[in-house]
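Chains as they are written, first to last, in our numbering: chain E, 228 to 1112; chain Z, 228 to 1112.
2 protein chains.
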Amino acid sequence: MNDSQKYVYFFAQGESEGDATMKNTLGGKGANLAEMTNLDIPVPPGFTIATDVCAEFYSAGEKLPDAVRKQVSEALTRVEKKIGKKFGDTSNPLLVSVRSGARASMPGMMDTILNLGLNDETVQGLAKSSNNERFAWDSYRRFIQMYSNVVLNMNTSLLEMTLEDLKDAKGYQKDTDLTVQDLQSLVEQFKTQISETTSKTFPMDPEEQLWGAIEAVFASWNNDRAFTYRRLNGIPDEWGTAVNVQSMVFGNLGETSGTGVAFTRDPSTGEKVFFGEYLMNAQGEDVVAGIRTPQPITRVAAEGTGLRSLEDECPEVYKELVATYQKLEKHYRDMQDIEFTMENGKLWMLQTRTGKRTARAALRIAVEMIDEKLITEKEAVMRVEPASLDQLLHPTLDPDSERTTVAKGLPASPGGVSGKVVFTSEAAVAGKENGEKVILVRVETSPEDIEGMIAAEGILTSRGGMTSHAAVVARGMGKCCVAGCGDVSVNELEKEFRANGYVVKEGEIVTLDGSTGELFLGEVKTIPPQVDGPFERIMEIADRYRKLKVRTNADTPADAQTAIEFGAEGIGLCRTEHMFFAAERIDWVRRMILAENKEERERALSQLLPMQREDFYGILKVMGDRPVTIRLLDPPLHEFLPHNDEEAKELAQRLDVPFSDLRTKVKVLHEFNPMLGHRGCRLAITYPEVYVMQAKAIAEATAQLTKEGNKLVPEIMIPLVGEAKELSLLRELVVQTLENVKREQDVNFDYQIGTMIELPRAAVTADEVAEYADFFSFGTNDLTQTTLGLSRDDSGRFLNTYVSKGIYACDPFVSLDQSGVGKLVKMGVDLGRGSKTDLKVGICGEHGGDPASIEFFAQAGMDYVSCSPFRVPIARLAAAQAALS
Amino acid sequence: MNDSQKYVYFFAQGESEGDATMKNTLGGKGANLAEMTNLDIPVPPGFTIATDVCAEFYSAGEKLPDAVRKQVSEALTRVEKKIGKKFGDTSNPLLVSVRSGARASMPGMMDTILNLGLNDETVQGLAKSSNNERFAWDSYRRFIQMYSNVVLNMNTSLLEMTLEDLKDAKGYQKDTDLTVQDLQSLVEQFKTQISETTSKTFPMDPEEQLWGAIEAVFASWNNDRAFTYRRLNGIPDEWGTAVNVQSMVFGNLGETSGTGVAFTRDPSTGEKVFFGEYLMNAQGEDVVAGIRTPQPITRVAAEGTGLRSLEDECPEVYKELVATYQKLEKHYRDMQDIEFTMENGKLWMLQTRTGKRTARAALRIAVEMIDEKLITEKEAVMRVEPASLDQLLHPTLDPDSERTTVAKGLPASPGGVSGKVVFTSEAAVAGKENGEKVILVRVETSPEDIEGMIAAEGILTSRGGMTSHAAVVARGMGKCCVAGCGDVSVNELEKEFRANGYVVKEGEIVTLDGSTGELFLGEVKTIPPQVDGPFERIMEIADRYRKLKVRTNADTPADAQTAIEFGAEGIGLCRTEHMFFAAERIDWVRRMILAENKEERERALSQLLPMQREDFYGILKVMGDRPVTIRLLDPPLHEFLPHNDEEAKELAQRLDVPFSDLRTKVKVLHEFNPMLGHRGCRLAITYPEVYVMQAKAIAEATAQLTKEGNKLVPEIMIPLVGEAKELSLLRELVVQTLENVKREQDVNFDYQIGTMIELPRAAVTADEVAEYADFFSFGTNDLTQTTLGLSRDDSGRFLNTYVSKGIYACDPFVSLDQSGVGKLVKMGVDLGRGSKTDLKVGICGEHGGDPASIEFFAQAGMDYVSCSPFRVPIARLAAAQAALS
């Protein structure tokens, strides 16, 4: 504690010690209050206790240091002088509000105590000075209620019940029916209840009230809800909160008083209209509480509602308010969310801050402010939260629709959908064929469920994280998915699932909210997606500023087409194994796997060759001259084999092989840790003919398209390289195969051969690997798994604990772990470019669609990111922001 | 190709252009030939074509560059002048030998062609000049046989059969029965056979013969056997071989000629005696071929054999040979392996090189040479191959014993053992109780097999690598193990295994060689381990020079005791989970896992507490004041649960829980990739009470020992840390627990808390992790798995392919992958010490017992290595070598 340090900042018109630039010290609210006074806008005088004090408060054992107390007393005296009232004065008492105010908006913290300074004596003074005894006593009982809750930690409902009991006894409908006597008796009862419940006496000393309130604000910085909120929003614990103490003005002094909140533009649509509500003769909390219907501020808004507007009711105040909001919006150059109070006809501003808005509104406001020359294009791009665009691209649940929550899982892929519950892929396909909407419910999906996932409206799994199979595939399809919903216990045999006491049977309708992870009973109404002019305009601007290219992860021509429409500039990851699961192919894949020797294997592969050629032809054709990166076979072979005896028996019959042989093969191929097993390029080191077939299919498709007059340069990607020699061997194999096709077909085309960097070893030896690579694509999913030693399929069990205990700031499969995995990524890029300057570098993990990760990739000097089609607009915007920040 | 560069080095007494220091250029053989001439030892003149030419040969498309041909011709002329014979001369022809000679000895390459220069004309000249027509024609037919094989790639047996046919037809017993006419007719037949089989004419031009032979030597550098040998022995492909061309001397000119090989000391025991064999009237190949019984060189050795010694037969030559070998050993200051030829009573030396020896001989020779002041202590330490010590510490198979090989797996843990085959842990225990020796045969062992592994003489698994469970545990026990024997197909139901056509049933006897990985039918005789004076002496010297401390991995007092006897200075890894598998404990462990809440879990843990305390008391007591690192629980919990329904049913009954609940729990705990799952410190982040129990047990054991007057500082190790916050949280938990015990028991002791660095993330953020760690112990097994993305349990299927294709130089679980994993280790050490200068750093993976890895760890600046008890002497010696090199 440094006694000479400044901890408290006074504010009042023309005399403020702070301004809007001092948010880190004064918090958002405090800085803006000071700024308004600097703009000569009427603000009740007060002072802000700086955010630094928060840390001092905790290190002193949750006590306010003396130096702070001293500076607070001095500032309070200054307020008294300014207002001409004295704190604790029994004839004309100064009352204050105490509010928290962190750098970032922080729901969950203690918010507000009003009317502080009232006690059994000053209430009399207030009655006299306001000439309104009822007002004084009502203010007092409100104060006691608030204080008992936020400072004394009493359950609000206790005093509330006493109040309701009284109203019932007297036959009152509304709080305003309470008489002075009623209120006086309530105050007495409250005080008794407080001392009985908390064993503390309600403090009569205004100073004691003030210290208690200030300390309560600081203490609320570390309550559970605030802590969780910071975790979820990446706000550092060290920031701390400021405390604002401000002289009270009253909107409930009578019929020339009132209070309201407003937005300088419509926060839902972005339309440039003044938008707000107010109540006459009320305090701020009354507007929020919704007991009385607030009135619209503008005449236009009031039209047809039967309500009067502020514009009509108090034209002078309205005029001043309009001038003020325009001044504020122009000054802050952004849409403002303001609070005001009229006290006996005088307008006071209590708050201004940047207004929250929907994605749609954010886009419209940004675009219109460019046209109004209020902000630059660059600023407009920075104003839209990339992740929020997700809302625009999927149908969402109607927020006004009724709903019964059954359980909550992970928001794996956004959108709001309803449908009949089915438990198997077959049932999903059958339902779809019958014209029904279905929700596929599985413990966990596997590649065999693809058909069912395509057929379903949405997918619900009880296991798996944000990058589980279900989550990744659903996002790729732009399909709603709630994953890892641990409360749901699926019983496939009984065709039902249970969750939190609910039992849902096959055929019953449920609704998923993929943006929140919620599961609801029955159908919930949805709102269709909205993409309009401002969206296109911002995207166009973003594209001009960004340096990162944006590609997509797509395995089918349909996905590729969608992605192009969303602005994808190429394919960063085309997974060839997804093509292997189609019904007419899987048995040939299995024959290939079950082959006893190279010849049998090649025979099966020769059957797959024309199919793969068609696949590649289709997807390459859609993509035109855009770059397409095709990854050769990656998953372990056992993924393609049946997982139980029943299926194995069927397959044995179909393939005409002894069941026992098949079962043995399945057993032999079983792996303890398939993630770290015989997969990726390791398959081709042992069975080169597999990659030869795939390379041939790519070459033949390219040859055909080249002959048809297209110009394309396919990029072939070898997965799971850990050692440069693997790539060197396989590169040679692929080059030979491609050159053979070029020679045989007498056609010429270029190609690139590169690798995924998805193992720590590849990252730390990237200089060696780069010698054989035309490009690197960082597979950050697997790189996260190996670097952290964390299976994405298994970590669901403890990842929540890790986040809630603050060990991980967030799910490392959603947002890149920059200090760990990121360090290896950076190393990989630098070593790779060090040995090959023109090495093309991109990223194709799920992180390619995460704004925070995209900023990191831009800083790391990557050439492109690749993400699922529906994330492409997000990536474009995030890339632009990365370039501009 | 640089024409002015020197490619060919002449050698002859007093005129040599090379010496022993030029091994890289001349190869071992060429350098030593030159060195002998420099020592004035008689060596037939010749020249060496440098190793650099090998690369030129390959880059020129397997052709000898002109510059080389020119220099060879010049050198040949010099040899002609020196000898006074001319190459290709029809009256007194110069004949030469052509031999390969790489920097390191390289079996598998083309070795020798003798008598080169003979053709239909020069053979007449040789007959005349030697005055021995039979000798000349016999030399010619030998030359044709050798040349047709190694230069023309003809199968040796073809010409051999022709020779045998002739002998049969004539009724001859021995080659020496062949007359001049026989030999002449053979030569003609050989030439015809060669042109028929190879479509090439046997070259009559001596120059053409010479170029063919030289090119064949260079070409043999890349034959399959040579390639494989280099892979297995870590010899770089770039080294290349030299070629030695040397004038012939003949041991087969008559009864005053002969040839022999000798060692300057006994290569088997190390005893300081001259040790060798010779044959009169023979060429070198006759000694090796074993057709005639060679005679001993010394009189002492001949005693009682009925054979004459060289000492008696040619005393003058013997005297000169003794003087020469003594000169050579003194000059080279090491035991030499020499080859010599007498031509008409004159001694010629053909080769000297450092002699190969057994581990026992190496130790004795090293120690005796110190005492002879021939070498220093430091040199003696460098002379013994650390890995070879393994031979001394385990019984080994008698090399002279008959054997039938059934299959070959990985040499997972050394020793030679025989016993009856059993297929279950129970059968192994039962067999042991009946006094039988048993070999436990499993597909793969798991922690449940511990009792059976203890009971068995040796373990054979059909799956798993060098660091599989079976391999690691067996090595820890010093028990013979052959792992990953892929040819063995185990049928537990039928109680038999099949391998390469053999069917072995339970109860039949097999023998394992854990040093080679071989499996034999029946019993093979063994030789007991031998540890004697020289071993102790070298260990004592090693201990004085080494800087690395050597600890052991031990989980029981017995293992700890063994390790101390082998010189362990502490325990680097005491795994606490092994203690959990004991029969009387496992059910309590399972109750702990199945607990529905914290209370139930703590109840079960409280039952385990006294048992763990006893464990720790026992092991800490044995170790005295030596440091002991105890790792808290590491494996995923499902490892402790039953793996099939039958066992689960039994358990359910025993624990009195519903079977369905148990099965559900097993299912819920199942993991797709347990290696990357809910294990290590993650268990304690979710269930802190588990580590609390373990910390308490350690503290209580330490308290008791402290009260008993011991002074010990237990080191508690938190596994699988990936993020500093994990360690920070758990460190606090452990410290609290320990301090509570100290307070309760009013006893004081110090302790250290550290972590394993076994995840890439821990290595790259080691600066942050070090803030909460008193020590780091690198868990290189898991670090290898995660860095390479390679499961040690699953990689057996393709690891061989990787090594045989040269992608990995060796199994990365046996010898540390220095360029990948090693880079992270180095980073971890440097970052850790950067943030905490006095951080203690060690390594406790299996690599702690591997000499090459130990050298790396020493360079990385580690304080200690820890390995299984039987590897401690190896580590001590390797550590000394690391300090000295």
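C-beta atoms are modelled at their ideal positions from N, C-alpha and C, and glycine is treated no differently.
Presumed contact (8 angstroms Cβ cut-off) between residue i and residue j, rounded CB distance
{"i": "residue 287(E)", "j": "residue 378(E)", "result": "Contact doesn't hold; Cβ gap of about 18 angstroms is too wide."}
{"i": "residue 1067(E)", "j": "residue 1001(E)", "result": "7 angstroms"}
{"i": "residue 707(E)", "j": "residue 689(E)", "result": "With a Cβ gap of about 16 angstroms, residue 707(E) and residue 689(E) do not count as contacting."}
{"i": "residue 1053(E)", "j": "residue 1087(E)", "result": "5 angstroms"}
{"i": "residue 277(E)", "j": "residue 248(E)", "result": "14 angstroms between Cβ atoms; not a contact."}
{"i": "residue 323(E)", "j": "residue 352(E)", "result": "That belief does not hold up - the Cβ atoms of residue 323(E) and residue 352(E) are roughly 15 angstroms apart, past 8 angstroms."}
Contacts of residue i in chain Z (Cβ-Cβ under 9 angstroms)
{"i": "residue 902(E)", "result": "899, 900, 902, 903, 1016 and 1018"}
Interface partners of residue i on chain Z, CB under 7 angstroms
{"i": "residue 1012(E)", "result": "903"}
{"i": "residue 992(E)", "result": "1046 and 1047"}
{"i": "residue 828(E)", "result": "Within chain Z, no residue comes near residue 828(E); the closest Cβ sits about 15 angstroms away, beyond 7 angstroms."}
{"i": "residue 1050(E)", "result": "991"}
{"i": "residue 909(E)", "result": "1025"}
{"i": "residue 947(E)", "result": "1016"}
Contacts that residue i makes with chain E (C-beta to C-beta distance below 7 angstroms)
{"i": "residue 1029(Z)", "result": "912"}
{"i": "residue 1024(Z)", "result": "905"}
Local Cβ density within 10 Å of residue i, reported as buried at 16 or more and exposed below that
{"i": "residue 871(Z)", "result": "exposed"}
{"i": "residue 787(Z)", "result": "buried"}
{"i": "residue 413(E)", "result": "buried"}
{"i": "residue 756(E)", "result": "exposed"}
{"i": "residue 422(Z)", "result": "exposed"}
{"i": "residue 1009(Z)", "result": "buried"}
Interface residues of chain Z facing residue i [CB-CB closer than 8 angstroms]
{"i": "residue 1021(E)", "result": "898, 899, 900, 901, 903, 904 and 905"}
{"i": "residue 1034(E)", "result": "912, 950, 952, 953 and 956"}
{"i": "residue 463(E)", "result": "Neighbours of residue 463(E) on chain Z: none; closest Cβ ~14 angstroms, over 8 angstroms."}
{"i": "residue 725(E)", "result": "In chain order: nothing, as chain Z lies at least about 13 angstroms away."}
Span of the beta strand (DSSP E) around residue i
{"i": "residue 575(E)", "result": "573-581"}
{"i": "residue 764(E)", "result": "Here residue 764(E) belongs to no beta strand (DSSP E); instead the alpha helix (DSSP H) covers 760-772."}
Alpha helix (DSSP H) segment containing residue i, residue limits
{"i": "residue 876(Z)", "result": "872-882"}
{"i": "residue 972(E)", "result": "951-972"}
{"i": "residue 527(E)", "result": "526-529"}
{"i": "residue 259(Z)", "result": "250-265"}
{"i": "residue 634(Z)", "result": "Counting along the chain, residue 634(Z) falls outside any alpha helix (DSSP H), though it belongs to the beta strand (DSSP E) covering 631-635."}
{"i": "residue 365(Z)", "result": "360-377"}
Residue i versus the options, residue with shortest Cα-Cα distance
{"i": "residue 583(E)", "options": "572(E), 610(E), 598(E) and 596(E)", "result": "610(E)"}
{"i": "residue 1029(Z)", "options": "956(E), 362(E), 854(E) and 771(E)", "result": "956(E)"}
{"i": "residue 451(E)", "options": "307(E), 511(E) and 1033(E)", "result": "1033(E)"}
Cross-chain neighbours of residue i in chain E, by beta carbon under 8 angstroms
{"i": "residue 869(Z)", "result": "The premise fails here: residue 869(Z) is roughly 17 angstroms from chain E at the closest Cβ pair, so nothing lies under 8 angstroms."}
{"i": "residue 986(Z)", "result": "1014, 1015 and 1016"}
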